[in-house]
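Student:
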Amino acid sequence: MATSAHNPPEASAPAELDAAALRRAFGAYPTGVVAISALRGSEPVGFAASSFVSISLQPPMAAVSVARTSTTWPRLAGASELGLSVLSRGQGELCRRLASREGNRFDGVAWKRTPEGAVLIEDAALWLTARVSATYDGGDHEIVLMELLTAELFPGVEPLVFHTSQFRELIPHG
Ligand SMILES: Cc1cc2nc3c(=O)[nH]c(=O)nc-3n(C[C@H](O)[C@H](O)[C@H](O)COP(=O)(O)O)c2cc1C
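Numbering (my numbering), first residue to last: 21 to 194.
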């Protein structure tokens, strides 16, 4: 039989769907990363999420799945408006910071606020503002459905790509 990426010479048995194997499996699906942020008092609060997905055009909706263990989400959930910043090619380090439980996530980060208190990160590839419209059970995550309010695109800015636990860049096909 010919050797291929799907049939390597030392192919391993299909992985059991335990959490670690499933995390690796999900990691084979490339995504962007969105910073979800808002002001709490005068301080920006936010976290990085790769589970962002577009849902509906009319009405405009998107969703994200949030770990039930998240300590940041409960602080954001009550915000009247959330900022969603699609991180750009050079923002891998910033992404790690926005996922870290150490230090101030926004130290040295350039951001702006909307009048309703959404926080948007400068140099991102796309800005969206949203408000939470419903939440659904998603196992050890909560599926958060959001109504989208505004979108501002920066077409010249390349997005950050997250794949197999690594940050990558897009290259044109062909
Ligand atoms: C690339 C990347 C993608 C992530 N995607 C998600 C996600 O979709 N949902 C989520 O709940 N956490 C996600 N996280 C983890 C959060 O950013 C953060 O680490 C987690 O919320 C723990 O911090 P917290 O207790 O402050 O919420 C991701 C982290 C990284 C680095």
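For glycine and all other residues, C-beta sits at the position ideal for the given N, C-alpha and C.
As the structure is a computational prediction, the values presented were derived from the model and not from experiment.
Ignore the nearest five residues each way along the sequence and tell me which others in ALA87's own chain have a CB closer than 6 Å to its CB.
Tutor: HIS161
Student: Would the C-beta of VAL11 count as close to ligand 1, meaning under 7 Å from any of its heavy atoms?
Tutor: The structure shown does not extend to residue 11, since the chain is modelled only from 21 through 194, so no value can be given for it.
Student: Within its chain, find whatever has a CB closer than 8 Å to the CB of THR92; leave out the 5 residues flanking it on each side and keep chain order.
Tutor: VAL65, GLY66, PHE67
Student: Among VAL181, GLY98, SER185, GLY194, which one has its Cα closest to the Cα of LEU154?
Tutor: It should be pointed out that residue 154 corresponds to Ala in this sequence rather than to Leu. Of all alpha-carbon atoms in VAL181, GLY98, SER185, GLY194, the one lying nearest the alpha-carbon of ALA154 is that of GLY98.
Student: Which residue marks the beginning of the alpha helix (DSSP H) containing PRO94, and which one marks its end?
Tutor: 93-96
Student: Assuming GLU63 is part of the alpha helix (DSSP H), what are its boundary residues?
Tutor: Where GLU63 is concerned, there is no enclosing alpha helix (DSSP H), although the beta strand (DSSP E) it sits in stretches over 63-69.
Student: Can at least three beta-carbon pairs, one atom from the stretch 173-190 and one from the stretch 128-141, be found at a separation below 8 Å?
Tutor: No, the stretch 173-190 does not touch the stretch 128-141.
Student: Looking only at C-alpha atoms, which of GLY103, LEU118, VAL164 sits nearest to GLU136?
Tutor: GLY103
Student: For SER71 versus SER85, is the C-beta distance shorter than 8 Å?
Tutor: Cβ distance < 8 Å, so SER71 and SER85 count as in contact.
Student: CA-CA distance, ARG188 and ARG44?
Tutor: Straight-line Cα distance between these residues: approximately 16 Å.
Student: Spell out the partners DSSP gives GLY158 in its beta bridges.
Tutor: HIS161
Student: Over what stretch of residues does the beta strand (DSSP E) that includes ARG60 continue unbroken?
Tutor: 54-60
Student: Just reading off the alpha helix (DSSP H) that ARG43 is part of, what are its end residues?
Tutor: 39-47 is the extent of the alpha helix (DSSP H) around ARG43.
Student: Could you tell me the distance, in whole angstroms, from the CA atom of GLU172 to the CA atom of GLU122?
Tutor: 31 Å
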